[in-house]
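Novice: One structure, pasted below without further comment.
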Amino acid sequence: MSTAPTTPDADPGTAPAVSSYQVMGLAAVVVMGVALLQYGAGRWAVIPTLVGAAGLAFRWRSAPLVMLIALTFTLLVPLWIGGLVMFRRPASPVGDLVLCGAVLAYYVAQYRLFGMTVGVFPPRPRRLEQPPPRDPERVPGHELPAALVTVAAVTVAASFLWTLTGDVLPPWGIPPGPWRLGLLAWGLVGALVLVRGVTGHLGWRRLTPDEAALFVRDVLWQETRGEQRRINRWRTWGRQRRQRRE
Amino acid sequence: MRYRRPGPPQGVPGRAAVVYHHSMLTTRGWWFLLLVLTLLAVGGIIALRTPSAHSIHLLLGLSLLLWFLWEWAAFVVQARLAVRSLAVGRELRDERGPVGTLWAGRTFTVRLRARLDGHLPLAHALLTDRPPAGAGPVEGQLHDHGPLAAGGENVWEYQVHCDAPGSIRFEGTRVQLADPQGFFYFATFLRRPAVYAVLPKLVDAEARQRTTKRFNLLPPPGIHRLRRPGSGSELLDLRDYRPGDPPKRIAWKVSARRDKLITRELESEVPIRCTLFVDASDAVRLGPPGRNALAGLVGVAATVAQAAAGNRDLVGLAVCDEHAADYAAPARSPAHTTDLLHRLARAANLAPATEAAEVPPLLERAYAFATEVYPDLLRPELNTFPFWLPWISPPPAWTLRRPRWRSRLLHRFWARLPRQRRHYGWRKRLAALIAVRERLPAGALAQLLEDDSACARRLQQFLAEHQVPYEVPLYDRRGRYLFARPAKVEVLAKALLRSVGRGHDNELYVLLADLLELEEDQLAPLLRAVRVARSRHHQVLLVCPWPAGLPEPDPDAPPELPRAGASAEEIVRLAERARANRAWRAVRRSFGRLGVPVLSATTGDPARLILLRLEQLRAVQGASRG
């Protein structure tokens, strides 16, 4: 059953869901900072940490994008400092997982906070009433735990996928780097095409009678477009000439 | 999901008639995807340069991309599967509970109930009801938003105010879905059209009775309107027996008490038959719904019908347009009165139409409406239009209805302009939509695409059915008025003759018609029918709508000349007034010769005058019977 009419004047920042996502985001930012330090970013680790914290505190709408740029830059710092030698270090799977999980958790929290404060629907093209943001009071209680589980699962899946591509040996003398990347790209594209194909097929199977009738008419029109056009133009011309004479 | 046709016009929850899936990435989603792909590209470059390197960029990008794809998959499942189990029911209520019929001048509550069946929830849905044109909302919110659990219900309500009699049409509910992050967006429209009749006000039946009110609307038992002796069934008085009184009227008990013969006098029952002929042709439909001439005529007819029925008179109705008449024989039961009000409400909502209307303005309005309510039938996958078609074969100049020399010369170039190409595409899509909705023959699509007259007619029907207001031209290029509609005179005359042929006694016929735009020779069939009615001793009244914005008709006023230096606007206004007064004089003269009074529908109180005429007729009949 629906809740009572929402109160748009209520401060969304005081809602439990907002507080929960803020805590989750801040915790993720802290963990990310620690992981960056562990990674060897040094003092540069402060930049993405501060950007992330500011985005959460002030609902800075560009924060996720700036954060990603800052993170990319921070992770490239070792390259500038130590050259490619830094990248040839042995990987620390746990450290990578923690870093990826923390970044992902931050993004989940930040975008969901935006959904509750700025809105989730695109703004309307005309200057009409804008769609309301998510009501924090109506956010289900299981959403946050589910988000945390998703973060953990996705991080592990990404790591597993990357490891899996390394285990497939390249045939025909293809270099291992391009082979691994190509395998990853083809796998993702194939999965996308598969999902798209299945949903598209289901959509065609579930056409309503009106949609099916429209499709059949459209096919008929396409097949006989030229002939029908000529016939109807002459008919129109004849009718108008008759009307003018009358 | 199986297709269900739209149900009865009640607020019973039902499945969506049609579901349209239109999902897309929002700007936020595009930006995020772009950044993630950039991160992956950076990681890929590093991985290519150092195959044995440990690229955290790639792993990070892959994590974010997998999360994005996971959210997309979850959203697609909601949009393609879960939303098909969504049903929105509508219920209209007043302070006493659900209603099926509305009344003009009152406010009603629209209660909506969204129910999600199945096993899949919706993370975030914004449900916005599409209110009927010109009826609100006056209070409350049109929308409800939030998550919708499987098997759950959301209820919200708002209020609408019905200004004028007619009908209001609810099209359905717009459904917008989004994921909690705002990356994906999906819009659909759950069509569930419902039309509710808005009956004319009831209070006016009493308020517009004669000012010297003598009786209640419905006389209680024992109270009678015409206190004259007659042959009714109710006791009026007791008097001494007179020789010749029928023995059955002797009051034996009273006679025994008084020891002389006493006779009962009974009430006179003089029901008058009154038939209202309402002109519902295109001539009176012009103007905004509820404020045009037809609304005025319907208001007068509804008041007279209710007041006469309240006086236990028999009221009939004939709603005439230029093609046919919808006739209801006189009767006086409450059900009959309600039926008359429903017929009047249906008539009040008719919209004008002319084949002379230009296609582009109608096209723009119809396409804007269709994209909102029929997005499923405008999908490019189903309703295709090759972009190159207007370049290869645009509509030629020789199929235009009124080609000018400029059109003939420049049409080849003009038809390839972006606006014309866009309109050609819209026209094809709307033609296909209308052909499917109206179940037109297979070749209708191509005909609507090439024939302007047919397309204009169908587009006006489409807009009128959905109560979308549109503009029509009043004059053709030669300055001739397009909405005189002389054909309605023949229909009115036939309806009047039919009533006269079935008439029982002296009846009152009220013609509520706009005849000011017609010449005297065009009125001849109606004048002949009125002459027949008058020869049978029936009474006839003519009520004409008067053009809005003009002072009351004054046939005796001398023509007013414009003052020196008058503006063009003032001269046109004076000319319009002089023309209306001239037409009024002509109509009065034509009908006055036959003893038919002519009243203005918009000035004075025609309903009261009609009721007064009914009273006079009753008195005459009562006297003749007594």
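Quick note, the sequences are listed as chains A and B, same order.
With the first letter of the first sequence counted as 1, position 8 gets the number 8 in the working numbering; the numbers rise by one all the way through.
Add 246 to a position in the second sequence, counting from 1, and you land on the number used in the working numbering.
Note that beta-carbon positions come from the ideal geometry of N, C-alpha and C, so glycine has one too.
Could you confirm whether any beta carbon from chain A is found closer than 8 Å to the beta carbon of tryptophan 277 (chain B)?
Specialist: Closer than 8 Å: yes.
Novice: Would leucine 853 (chain B) and valine 737 (chain B) qualify as a contact pair, given that the criterion is a beta-carbon distance under 8 Å?
Specialist: In the sequence on display, residue 853 (chain B) carries alanine and not leucine. No, the Cβ-Cβ distance between alanine 853 (chain B) and valine 737 (chain B) is not below 8 Å.
Novice: From leucine 787 (chain B) to proline 793 (chain B), what does the alpha carbon distance come to, in whole angstroms?
Specialist: 19 Å
Novice: According to DSSP, simplified to helix, strand and coil, what is isoleucine 680 (chain B)?
Specialist: In the structure shown, the three-state DSSP call for isoleucine 680 (chain B) is helix.
Novice: Rounding to the nearest angstrom, what Cα-Cα distance links threonine 355 (chain B) and leucine 586 (chain B) in this structure?
Specialist: 26 Å
Novice: With a threshold of 7 Å on Cβ separation, who are the neighbours of histidine 783 (chain B) within its own chain once the five nearest residues in sequence on each side are excluded?
Specialist: Asn752
Novice: Just checking my contact of leucine 758 (chain B) with valine 546 (chain B) at CB under 8 Å: how many whole Å lie between their CB atoms?
Specialist: With a Cβ gap of about 6 Å, leucine 758 (chain B) and valine 546 (chain B) count as contacting.
Novice: On the DSSP letters alone, give me the boundaries of the beta strand (DSSP E) that leucine 757 (chain B) sits inside.
Specialist: Annotation: the continuous beta strand (DSSP E) that includes leucine 757 (chain B) extends over 754 to 758.
Novice: Give the interface partners of tyrosine 106 (chain A) over in chain D, defined as CB-CB distance under 9 Å, in chain order.
Specialist: Note that chain D does not occur in the displayed structure, where the protein chains are A and B.
Novice: Tell me whether glutamate 684 (chain B) is buried or exposed, calling it buried when 16 or more other Cβ atoms sit within 10 Å of its Cβ.
Specialist: Around the beta-carbon of glutamate 684 (chain B), fewer than 16 other beta-carbon atoms lie within 10 Å, marking it exposed.
Novice: Can you tell me whether valine 848 (chain B) is helix, strand or coil according to DSSP?
Specialist: Checking the sequence shown, residue 848 (chain B) turns out to be threonine, not valine. Residue state, collapsed to three classes: coil.
Novice: With distances taken between CB atoms, is the gap from methionine 24 (chain A) to alanine 109 (chain A) smaller than 8 Å?
Specialist: yes
Novice: Tell me which residue opens and which closes the beta strand (DSSP E) that threonine 284 (chain B) is part of.
Specialist: Not the beta strand (DSSP E): threonine 284 (chain B) falls in the alpha helix (DSSP H), residues 273 to 295.
Novice: So threonine 600 (chain B) contacts chain A; which residues on that side make the cut at Cβ distance below 7 Å?
Specialist: In chain order: nothing, as chain A lies at least about 14 Å away.
Novice: If you drop the 5 nearest sequence neighbours on each side, which residues of the same chain put their C-beta closer than 6 Å to that of leucine 390 (chain B)?
Specialist: Here the sequence assigns aspartate to residue 390 (chain B), which means leucine is not the residue at that position. Answer for aspartate 390 (chain B): Leu373, Asn400 and Trp402, listed in chain order.
Novice: Quick check on the DSSP output: the alpha helix (DSSP H) that includes glycine 542 (chain B) runs from which residue to which?
Specialist: 539 to 556
Novice: Tell me where the alpha helix (DSSP H) around asparagine 827 (chain B) begins and ends.
Specialist: 814 to 838
Novice: Can you tell me which of the three DSSP states threonine 419 (chain B) falls into?
Specialist: strand
Novice: Using a cut-off of 7 Å between C-beta atoms, extract the partners of glutamate 696 (chain B) located in chain A.
Specialist: Within 7 Å Cβ-Cβ: Arg229, Asn232, Arg233 and Thr236.
Novice: Could you tell me the boundaries of the beta strand (DSSP E) in which glutamate 908 (chain B) lies?
Specialist: Chain B is shown only over 247 to 872; residue 908 (chain B) falls outside these bounds and no answer can be derived.
Novice: Our contact map puts aspartate 525 (chain B) next to aspartate 760 (chain B) with C-beta atoms below 8 Å; I'd like the distance itself, whole angstroms only.
Specialist: With 8 Å as the limit, aspartate 525 (chain B) and aspartate 760 (chain B) qualify as a contact, their Cβ atoms being about 6 Å apart.
Novice: Can you name the residues that DSSP bridges to methionine 270 (chain B)?
Specialist: Paired residue(s): B:Tyr431.
Novice: Going by beta-carbon coordinates alone, are phenylalanine 278 (chain B) and phenylalanine 321 (chain B) separated by less than 8 Å?
Specialist: no
Novice: Please report whether the beta-carbon of glycine 52 (chain A) lies at a distance below 8 Å from any beta-carbon of chain B.
Specialist: no
Novice: Does the beta carbon of serine 331 (chain B) fall short of 7 Å from some heavy atom of the ligand NAP?
Specialist: Only the bare structure without any ligand can be found here, which leaves the ligand NAP out of the picture.
Novice: Do the region 527 to 541 of chain B and the region 590 to 597 of chain B meet, that is, are 3 or more Cβ pairs less than 8 Å apart?
Specialist: Contact holds: three or more Cβ-Cβ distances are below 8 Å.
Novice: Give the interface partners of threonine 272 (chain B) over in chain A, defined as CB-CB distance under 7 Å, in chain order.
Specialist: Pro122
Novice: Taking 7 Å as the limit between beta carbons, can you name the residues of its chain near leucine 820 (chain B), skipping five residues before and five after?
Specialist: Glu806 and Pro808
Novice: In chain order, what residues of the same chain have a beta carbon less than 6 Å from the beta carbon of alanine 678 (chain B), not counting five sequence neighbours either side?
Specialist: Answer for alanine 678 (chain B): Asn629 and Leu691, listed in chain order.
Novice: I'd like the list of long-range same chain contacts for alanine 381 (chain B), defined as Cβ closer than 7 Å, with 5 residues on each side in sequence excluded.
Specialist: Val406, His407, Cys408 and Ile414
Novice: Beta carbons nearer than 8 Å to chain A: which residues of the region 407 to 440 of chain B have them?
Specialist: Taking 8 Å as the cut-off between beta carbons, the residues of the region 407 to 440 of chain B near chain A are Gln422, Ala424, Asp425, Pro426, Gln427, Gly428, Phe429 and Tyr431, in sequence order.
Novice: Tell me where the alpha helix (DSSP H) around arginine 648 (chain B) begins and ends.
Specialist: Neither: arginine 648 (chain B) is in no alpha helix (DSSP H) and is coded neither H nor E.
Novice: For aspartate 375 (chain B), does the three-state DSSP call read helix, strand or coil?
Specialist: strand
Novice: Rounded to the nearest angstrom, what separates alanine 826 (chain B) and cysteine 790 (chain B) at their Cα positions?
Specialist: Straight across, the Cα-Cα distance linking alanine 826 (chain B) with cysteine 790 (chain B) is about 12 Å.
Novice: Would you list, in chain order, the members of the region 624 to 658 of chain B that have their beta-carbon closer than 7 Å to a beta-carbon of chain A?
Specialist: Leu628, Asn629, Thr630, Ser639, Pro642, Trp644, Thr645 and Arg647
Novice: Would proline 178 (chain A) and leucine 294 (chain B) qualify as a contact pair, given that the criterion is a beta-carbon distance under 8 Å?
Specialist: yes
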